[in-house]
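What follows is a short report on a single structure.
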Amino acid sequence: MASSHLPYDSTLATVPVCADGAPLWRSALQDLGPAFYTALPAVPLPDPHWIATSADCACDLGIDANWLASDAALQLLSGNAAPEGSQTRASVYSGHQFGVWAGQLGDGRALLLGEIDTPQGSREVQLKGSGLTPYSRMGDGRAVLRSSIREFLVSEAMHALGIPTTRALALTGSPYRVRRETMETTAVVTRTAPSFLRFGHFEHFAAAGKHKELRQLADHVIERHYPECREGATLGNPYADLLQAVSERTAAMVAQWQAVGFCHGVLNTDNMSILGLSIDYGPFQFLDAFVPNHVCNHSDKLGRYAFDRQPNVVYWNLYALGQALQPLIGEPERVVQAL
């Protein structure tokens, strides 16, 4: 199973829910402060309707099928209602894009709806396409139906293939249109993962010289997702152990990509999960024939993210993460050792 490396807590086999079957929500990133996110509501999606839901994902999350089919769920998962008990948030991060430092980025069209307990542990739930945030830059905060269908399908397909990935719980659509290359209708994808933290979150605070927040973020990730790194038993430093553990998970993920012919297309550091999950499906493709230098992103003029370059690019991204963690790790040699 794609999440087999994540701890299973049998005490959550019966998931607590509200009287109407809705999940019990709490705010994501609640042990981190406002330096890490901006709290804001989603921008309502006009006249939403269901496109698809994943019964398999809902079952894994312990979400009641009747609630998922309800109008209350439709409104919540379209950004038209707020989750009771949770504060919706957009997180801030930075990153390298096509090998060049891009500075501050952040959740420009996504919003953390909250966090729920599931039979497999805690899971964050995120709406993609939920409207403008302070990190939208020149974008409109919306996702279009065409790309949202692709993300919904590939998320669940990758999970079925046993490849670590974010999941897709639901897809809602709207007649509301936005301009891309043509005018297109909009949609919201409900994504779920143990965490949506990325390499870019660490790069953001390292680049700003905010080492207190950098340590707080690293401690959060170790405590919640890599408890085996707490004592630094392997390399003598918990943050070096964290880098090594992230490297191992990420290497295993990209090896599985190569095995099934998956080409991601946009392997920027802000699109790299700190948990080694496949995330941010954009111009991805599966190879129909073995063409090692295949490029699936028409914006990638130099072929940086070609299929056969993915392992090397992922290593480059891990090195960038190592550079971000160096203030906590210390000697550069220890960073290299962790990689």
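What the sequence shown shows, in our numbering, is residues 1424 to 1762, in sequence order. Glycine included, every Cβ here is placed at the ideal spot set by N, Cα and C.
query	result
H1717: first and last residue of the uninterrupted beta strand (DSSP E) it sits in	Counting along the chain, H1717 falls outside any beta strand (DSSP E), and DSSP gives it neither H nor E.
Helix, strand or coil at Y1460 [DSSP, three-state]	strand
Span separating the alpha-carbon of L1528 from that of W1680	26 Å
With 16 other Cβ atoms within 10 Å as the buried cut-off, status of M1606	exposed
Length-filtered (4 minimum) alpha helix (DSSP H) runs lying within the segment 1454 to 1524	1478 to 1484, 1488 to 1491, 1494 to 1499
Option in E1626, W1490, I1539, D1563 with minimal Cα separation from R1614	I1539
Nearest-angstrom beta carbon gap, C1686 and C1847 [assumed within contact, 8 Å]	There is no way to answer for residue 1847, as the model of the chain reaches only from 1424 to 1762.
E1636 to V1714 span [Cα, whole Å]	43 Å
Which residues DSSP lists as bridging F1709, in chain order	F1685
For T1511, the nearest candidate out of N1503, Q1498, L1536, L1499 (CA to CA)	L1536
Local Cβ density within 10 Å of V1523, reported as buried at 16 or more and exposed below that	exposed
Cβ-Cβ separation, A1761 to S1670 (assumed contact under 8 Å), whole Å	7 Å
Option nearest A1631 by Cα separation, candidates A1495, G1526, M1676	G1526
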